[in-house]
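Here's the structure we're looking at; comments come further down.
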Amino acid sequence: MATAEGVFFYDYNIEEQDQQAEILSGLQASPKRISPKYFYDQTGSVLFETITTLPEYYPTRCEIEILRENQTSILEATGDDCVLIEYGSGASTKIRLLLDAIKPKAYVPLDISRDFLYDSAIALRRDFPWLEIHATCLDYRKPATLPDSLKHYKNKVAYFPGSSLGNFAPKEQADFLSSVRQTIGDHGSLLIGLDMVKAEPVLHQAYNDHQGVTAKFNSNILNHINDITGARLNPDHFSHLAFFNSEQSRIEMHLVSQLDQVASLGGERIHFKQGEHIVTEYSYKFELDKFIAFAKQHDFECQQVWQDANSYFSLFYLKAC
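What follows is the structure, given as structure tokens:
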């Protein structure tokens, strides 16, 4: 554990050897795939923060609108005596609004991007000098290990913004809710932001911005896996593709090989045909009643839902049950 003034840093991240095996397995699958968690090296994290400011990318604006206009009722729901556990490190306006609203006893950001997590924690401590921060580097798809000093708090509030649950397949969504339920215990709760099903043109534009930032974010995943594995995949030899799959109710992001090419990874040769796809992300979109029923199946009772003016986005407050 490393410390700075008011910031405690814990590193439980997986070893690069395990990451390499996971990446190799994905690129040997059909279709080829890379987990979206590998978007978030330092560069990818910065690019994503840029995406959240783009005019086409409505989810962040909508979620911020919800938080700004409902601070009092959010505090009434969560209470002011909680430990706030954020899945994904807090560089954004959203976590600052939430910290202002509920003033938790401690804040525990969980993230896989070590450098970004540390920088975000230090920046937050400067702006919130009263806040005790326990920054924890791990793969948050698995149950989180909370510091011993926080385990006695009963009121643990998990916060999962940005519709990141939509990046998980339905079985993974179920596993994640079960994992959160295990982390927060019988008296905890979950604040979760989800992107709703809406008109396809709105969805399409959000993942195909005219500045090409999302395309850069998508291709940067190759730079990250090159750093981890020593592969030499050239991002310039792949193009960005994002579209809405209406049958599955999800946005899909792919990288499309522009030529026949071969990469070496862990002693294995990976062949890419021209036009072959790597799936880098699914982003499922949700319906209100269906998600409430889904949460109930996994031991969460929906207590309250807040939405933006267009009902594009919803923030759910779920209590463990």
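Numbered according to the numbering used here, the sequence shown spans residues 11 to 331. All residues carry an ideal CB built from backbone N, CA and C; glycine is no exception. All of these numbers come straight from a predicted model, not from anything done at the bench.
| Item | Value |
| --- | --- |
| Reduced DSSP category for residue 271 - H, G, I as helix; E, B as strand; rest coil | strand |
| Rounded C-alpha distance that separates residue 322 from residue 272 | 42 Å |
| Identity of the residue in 262, 300, 308, 295 nearest residue 287 by Cα | 262 |
| For residue 288, three-class secondary structure by DSSP | strand |
| Residue 138 (DSSP reduced to helix, strand or coil) | coil |
| Supposed close pair residue 69, residue 172 - CB separation, criterion 8 Å | 6 Å |
| Spatial neighbours of residue 61 in its chain, beta-carbon cut-off 7 Å, leaving aside the 5 residues before and after | 67, 223, 224, 227 |
| Best match in 306, 135, 234 for proximity to residue 47 [C-alpha to C-alpha] | 234 |
| For residue 119, the residue or residues it bridges with in DSSP | 96 |
| Stretch pair the region 28-44 + the region 198-216: three plus CB contacts closer than 8 Å | no |
| Proximity to residue 118 [Cα-Cα], best of 83, 167, 14, 52 | 167 |
| Pair within 8 Å by beta-carbon distance, residue 325 and residue 73 | yes |
| Close-in-space but distant-in-sequence residues of the same chain around residue 187 (CB under 6 Å, 5 per side omitted) | 308 |
| Same chain, Cβ closer than 7 Å to residue 254, five either side skipped, listed in chain order | 210, 213, 214, 261 |
| Assigned exposure category for residue 243 - 16 Cβ within 10 Å defines buried | buried |
| Alpha-carbon spacing of residue 249 relative to residue 192, whole angstroms | 40 Å |
| Residues near residue 34 in its chain [Cβ-Cβ closer than 7 Å; skip 5 each side] | 275, 276, 278 |
| Residue 137 versus residue 114 - alpha carbon distance | 15 Å |
| C-alpha distance - residue 43 paired with residue 109, whole-angstrom precision | 36 Å |
| Residue 151, enclosing beta strand (DSSP E) - first and last residue | Premise fails: residue 151 is in no beta strand (DSSP E) and is neither H nor E. |
| Other residues of its chain near residue 217: CB distance less than 7 Å, five sequence neighbours each side excluded | 224, 252, 261, 263 |
| Host beta strand (DSSP E) of residue 169 (start-end) | 166-170 |
| Endpoints, beta strand (DSSP E) assigned at residue 160 | Segment: none, residue 160 is in no beta strand (DSSP E) and carries neither H nor E. |
| Nonlocal neighbours in the same chain, by C-beta distance under 7 Å from residue 312, ignoring five residues either side | 302, 305, 326, 328 |
| Three-state secondary structure (DSSP) of residue 281 | strand |
| Sequence-distant residues of its chain with Cβ nearer than 6 Å to residue 10 (five each side left out) | Residue 10 is absent from the model: the chain starts at 11 and stops at 331. |
| Per-residue burial, residue 281 [other beta carbons within 10 Å of its own, 16 or more giving buried] | exposed |
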